[in-house]
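Notes follow once the structure below has been shown.
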Amino acid sequence: APSIAAQARQPPYQTRAGTAPASAYTSNLGGGGTAASDGTYEKNLIMELCPPGGMKPEPPPDKLRRFQQAIPSLDPDLVCPALLDCLEDGNPWIIRAKALCVMET
Numbered sequence: 001a002p003s004i005a006a007q008a009r010q011p012p013y014q015t016r017a018g019t020a021p022a023s024a025y026t027s028n029l030g031g032g033g034t035a036a037s038d039g040t041y042e043k044n045l046i047m048e049l050c051p052p053g054g055m056k057p058e059p060p061p062d063k064l065r066r067f068q069q070a071i072p073s074l075d076p077d078l079v080c081p082a083l084l085d086c087l088e089d090g091n092p093w094i095i096r097a098k099a100l101c102v103m104e105t
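In C-alpha cells form, the structure reads like this:
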C-alpha cells in the first residue's frame, strides 16, 4: 500500500476525463512574478526547519516565526506532503520531532 505521503501527492481531485483541472494546481501567492508549482520551495522550507542535525528536537524559534508568517502564502497541498515525508518510518527521531513542532505551529 502507498504511504500516507505518497497518497497526499496525488492530485486533489479529478474530472471525469481523468485529469485534474488547471485550477487544482495554481497557487494564490499574489501578484507579480511566477512561482514554481512543483513544491520545491515548500520542500526546501520544511527541510530547513527539520534538518537531521542539531542539539534540540525543535526548530529555532526565529525560523518557526518566519514559517508562521509565511503560512498564508503557502500551498497546503505542497507543504503537507513535505511534512509527511519527515514523519516517514526510517527517518531519525529528531527530524520527526521537528516536523511535529512545525505542524503544531
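In terms of this note's numbering, the sequence shown has 65 at position 65, counting the first letter as 1, and numbering is strictly consecutive. Glycine included, C-beta positions come from ideal geometry on N, C-alpha and C.
Its Cα nearest to that of W93, the residue C50 stands out among E42, C50, L64, N44. Residue R96 holds the alpha-carbon nearest to the alpha-carbon of P52 among L64, M103, R96. Taking the Cα positions, D62 is about 20 Å away from A82. Residues of the same chain with a CB within less than 8 Å of the CB of A70, apart from the 5 flanking positions on each side, are L45 in chain order. Residue environment for K98: buried (at least 16 other C-beta atoms within 10 angstroms of its C-beta). If you draw a straight line from the Cα of E42 to the Cα of L64, it comes to about 14 Å. Within the same chain, and ignoring the five residues on either side of Q68 in sequence, the residues whose Cβ sits closer than 8 Å to its Cβ are T105.
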